[in-house]
Structures are given as C-alpha cells and as structure tokens.
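No gaps in the numbering here: position 240 of the sequence shown is 1127 in our numbering, and each next residue is one more.
Structure first, commentary second.
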Amino acid sequence: MSTEEQNGVPLQRGSEFIADDVTSNKSNNTRRMLVKEYRKIGRGAFGTVVQAYLTQDKKNWLGPFAIKKVPAHTEYKSRELQILRIADHPNIVKLQYFFTHLSPQDNKVYQHLAMECLPETLQIEINRYVTNKLEMPLKHIRLYTYQIARGMLYLHGLGVCHRDIKPSNVLVDPETGVLKICDFGSAKKLEHNQPSISYICSRFYRAPELIIGCTQYTTQIDIWGLGCVMGEMLIGKAIFQGQEPLLQLREIAKLLGPPDKRFIFFSNPAYDGPLFSKPLFSGSSQQRFEKYFGHSGPDGIDLLMKILVYEPQQRLSPRRILAHQFFNELRNDDTFLPRGFTEPIKLPNLFDFNDFELQILGEFADKIKPTKVAE
Ligand SMILES: Nc1ncnc2c1ncn2[C@@H]1O[C@H](COP(=O)(O)OP(=O)(O)OP(=O)(O)O)[C@@H](O)[C@H]1O
C-alpha cells in the first residue's frame, strides 16, 4: 500500500469507499461521502474502530474521526447510536457522523459511528506509568476522576447507565488533560421498576449487586466502576481481580469486609452462591484502604471509602463526588503538568456547567465551583 498526503492528511490507498448516506449528527443532513480509513485503533467484542477521514470533494477533508463499525440492525447496538445522538457533554465522546455500509469482505451491513478521535485510552495511560515504574501524579488522578464523575452526572441525569465503565472505555488526551467516556455499546436508559440483565459490565469493574444477580439495579453501578478506575490509577492495576465471576465478590470482600446478609437478600433473594461471610483480613476496612491507597492521602481514602460500598444507595452520587474535598486542588490551582512536559498548562474547563447540569447540581454547584478571590 502506498501512502500519500492530502491537506496534511496521511492517506493509505486501497482503504477507501463511498458511503451513500452519511448523516451529520449536528445538522441531520445526509449526503454521499468518500471515507478513507487510515489505521485500526481499536478492536472490541463487537467490531473494530478505525481512524478515518471523510470528504465530499476530495479536497477538503474532515477528521480524523474514530469510526466504530458494528453489525447493523441489532437492537443491542442501535441503543448506542440513540444514546450517542443525544449526548452532548464535554466528558462524553461526541458522535459527529453516522452511516451504514455493506462490507464487501463479508457482505454484511455495518453501522458506522464517526466520533471525535482522542489519542489514548486511560488504560494505555495507566500502563505507561506502570511500565516506567512510576506513580500517576495525584493531580492527574483528581483531574481524570473528576471528569468521569462529571460525565456520569450528565449521563445519569438523562437516566442513562453506561454499564461498562473501565479504563479502556475512557479516552484521554494526556497533553490537554481532557477526558471523555466512550463505548456506549452496553449503555441503557434504566426505567423505574423494569428489570435489566445483570450479566453486564466487565468482571473486574462489576458492582457487587451485579455479581449477586440483581436485575433492578440503578446508575449507581457506574459509580462502583468509577471507584475501581480511580483505585486502578492509584495502584497501577485493577483493584479487584477475581479469577472467576463469583470469585470477584471474594476480592471485594478482601477490601471491604464480608457483604451484609440484607444487602445480598435485597439484591437477589434467590442468590445461592458463596457469601464470603468470614472476614478475610484482620483489622478494620479503614486500615485496608490505607494500606492499598495510602498515597492518595486522607481525602482520597475518604472518597474511595464512600464510593466502594456494598449498598448502592450509600455510594456517593456524582454531584457529591464532584463536591468532595479530594478535588479541592482542582478548584484552587487551575494548572497541571502534562506527562512529558516541563511547563505547567491550564487545566481544561472543569466548571463550565450548562443549564441541565446546574439543574441537577442544585445547591451543590456553589460547593463545586472554585470561589474566586476578590481582587
Ligand atoms: N473516539 C475514539 N477515539 C480514539 N480511540 C477510540 C475511540 N473510540 C474507541 N476507541 C478505541 O477503540 C477501542 C474499542 O472501542 P469500543 O470500546 O467503543 O468498542 P467495543 O467493541 O465496544 O469494545 P469492547 O468490547 O472492548 O468494550 C477503545 O478501547 C479505544 O482504544
């Protein structure tokens, strides 16, 4: 394959096709466009993600986009399109175009979701620190955790539960500090009193009620995932690594202590799996949290201990997370030092709440926003 440059866009010959019905998510207009695929950037359980560019006239190129291709017409995946079409938030990956296309390789129709492209996943960023035997700076952990919580404030405000929070479903730009939640392939608008499947979410990040088989769960399952992701940034590896689905609960019990019988019963009265009711450690769970996450300081430990709790209703809500003192450093100093840079730069705007967010935040908005010192 030869490579050429067009408008600074590196293009590979041979990986292009015409799509007849490319719809802009912004204007809703549909038109014919040439799609040039550049390189594969991700592979998931359901499809592939490629970096690609779009053009109408072969002169003006749009992109780069991350185009996610999934088999079309499955009810499961069309939810992803529906949710991405309405989501409009700085911490949620933005859908820009979408279209269907018949693949000449297997003669199947694929849905194509062209999203803004970010350079890394949080998983890659975490691994980079581990490989270099370094700890991720606390400021970065605050910045990323805050933005995941802000994305959740918005999503949960819409009633949408992501259901697959994990570091590889969180995109980051380490040079700007911007973070966006991606992969809405498992997301669902949860309706009150309507059951949903409990076999959802990647094992290490599954909330205890899901492990037990609860089908009436709430968006608080995502908050559990957020706690797992924050813990993973702190220690450089997944904090609960169960070797089998039910053993996942054992890993949780090693940190939190045994689950309460009431919690098990109200999650799933028919649960007949192991209870792990004997303490798996001596001392208090506070001591365990301090041992695992000591370098996050008392505020980090306090926050994690209020997120990683069995009872979903007891877990902090997104707005209480945003208001937590762990994030005071972001309110007091609006700069950070990106990895590999020697000069600090300004943090992305973390407090530009829109009317919808302000409505959900209520009186919390004033606690979350930095208080400006009068000049
Ligand atoms: N907007 C984007 N910008 C950059 N990379 C992306 C983007 N969207 C997805 N990716 C990359 O593609 C990978 C797979 O994307 P995604 O998680 O949406 O697909 P999936 O088929 O649902 O995957 P999985 O089965 O692992 O959950 C991501 O982990 C990431 O590496």
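Backbone N, C-alpha and C fix where the C-beta goes; we use that ideal spot for every residue, glycine too.
Check: Heavy atom of ligand 3 less than 7 angstroms from the Cβ of ASN1056, yes or no?; Outcome: Although ligand 3 was asked about, the structure shown includes only ligand 1 as ligands.
Check: Report yes or no: do three or more beta-carbon pairs, one from the stretch 977 to 997 and one from the stretch 907 to 918, lie closer than 8 angstroms?; Outcome: yes
Check: Can you name, in chain order, every residue of its own chain whose Cβ lies under 6 angstroms from the Cβ of LEU1190, other than the five neighbours on each side?; Outcome: HIS1211, PHE1213
Check: With three or more C-beta pairs closer than 8 angstroms as the rule, is the stretch 1000 to 1010 touching the stretch 1059 to 1068?; Outcome: yes
Check: What does GLU903 pair with, by DSSP beta-bridge criteria?; Outcome: LYS923
Check: Taking the C-alpha atoms as reference points, what is the distance between GLY1187 and PHE1180?; Outcome: 8 angstroms
Check: For LYS955, verify whether its CB is less than 7 angstroms away from any heavy atom of ligand 1.; Outcome: yes
Check: Please list the terminal residues of the continuous beta strand (DSSP E) segment that includes MET1002.; Outcome: 996 to 1003
Check: Using 8 angstroms as the threshold, is the C-beta distance between ILE967 and GLY1129 below it?; Outcome: According to the sequence displayed, residue 967 carries Glu and not Ile. No, Cβ-Cβ distance for GLU967 and GLY1129 is not below 8 angstroms.
Check: For VAL1057, name the three-state secondary structure that DSSP assigns.; Outcome: strand
Check: Do ALA1252 and ligand 1 come close, with the Cβ less than 7 angstroms from some heavy atom?; Outcome: no
Check: Is CYS1004 near ligand 1, going by C-beta to nearest heavy atom under 7 angstroms?; Outcome: yes
Check: Do ASP1221 and ligand 1 come close, with the Cβ less than 7 angstroms from some heavy atom?; Outcome: no
Check: Nearest-angstrom Cα distance between ILE1108 and ASP1159?; Outcome: 21 angstroms
Check: Note down, in chain order, each residue of its chain lying with its Cβ closer than 7 angstroms to the Cβ of TYR970, except the 5 sequence neighbours on either side.; Outcome: Residue 970 is actually Ile in this sequence, not Tyr. Closer than 7 angstroms at Cβ, skipping near neighbours: VAL1047, PHE1071, ALA1074.
Check: Just mark SER1085 as buried or exposed, buried being the case when its beta carbon has 16 or more other beta carbons within 10 Å.; Outcome: buried
Check: Which one or two residues does DSSP pair with ARG930 in a beta bridge?; Outcome: THR935
Check: When you compare only the Cα positions, how much space is there between CYS1004 and ARG930?; Outcome: 15 angstroms
Check: Any chance the stretch 1074 to 1083 sits against the stretch 1145 to 1157, with 3 or more Cβ pairs inside 8 angstroms?; Outcome: no
Check: Going along the chain, which residues of its own chain have a beta-carbon closer than 7 angstroms to the beta-carbon of GLU1233, five neighbours each way excluded?; Outcome: The sequence shown places Lys at residue 1233, rather than the Glu named in the question. Closer than 7 angstroms at the Cβ level, and outside the excluded window around LYS1233, lie ASP1221, THR1222.
Check: Determine which residues share a DSSP beta bridge with PRO958 and list them.; Outcome: TYR997
Check: Give me the Cα-Cα distance between GLU1244 and THR1105, rounded to the nearest whole angstrom.; Outcome: 19 angstroms
Check: Alpha carbon to alpha carbon, what distance is there between PHE1168 and LEU1042?; Outcome: 37 angstroms
Check: Pull up the DSSP beta-bridge partners for PHE986, would you.; Outcome: HIS999
Check: What first and last residue would you give for the beta strand (DSSP E) that runs through VAL1065?; Outcome: 1065 to 1068
Check: Quick check on the burial criterion: 16 or more other C-beta atoms within 10 angstroms. Buried or exposed for HIS999?; Outcome: buried
Check: Drop a sphere of 10 angstroms on the beta-carbon of VAL957, count the other beta-carbons inside from all chains shown, and report buried for 16 or more, exposed for fewer.; Outcome: buried
Check: CB LEU1224 to CB PRO1235, shorter than 8 angstroms?; Outcome: no
Check: Is it buried or exposed, HIS976, if we count other Cβ atoms within 10 angstroms and call 16 or more buried?; Outcome: buried
Check: Closer than 8 angstroms by C-beta to ASP1253: which residues in its own chain qualify, once you throw out the five before and the five after it? Chain order, please.; Outcome: none
Check: Nearer than 7 angstroms: is that true of the beta carbon of ILE1122 relative to any heavy atom of ligand 1?; Outcome: no
Check: Give every residue of the same chain whose Cβ lies closer than 6 angstroms to the Cβ of PHE1240, excluding the five residues on either side of it in the sequence, and list them in chain order.; Outcome: none
Check: Looking at the structure shown, is THR1032 part of a helix, part of a strand, or coil, going by DSSP?; Outcome: helix
Check: At which residues does the alpha helix (DSSP H) containing LYS1141 begin and terminate?; Outcome: 1134 to 1143
Check: Taking the alpha-carbon of GLY1114 as reference, which of VAL1065, LYS1067, CYS1101, ARG1093 has the nearest alpha-carbon?; Outcome: ARG1093
Check: Considering only the alpha carbon of each residue, which of PRO1257, PRO951, LYS1178 lies closest to LEU1143?; Outcome: LYS1178
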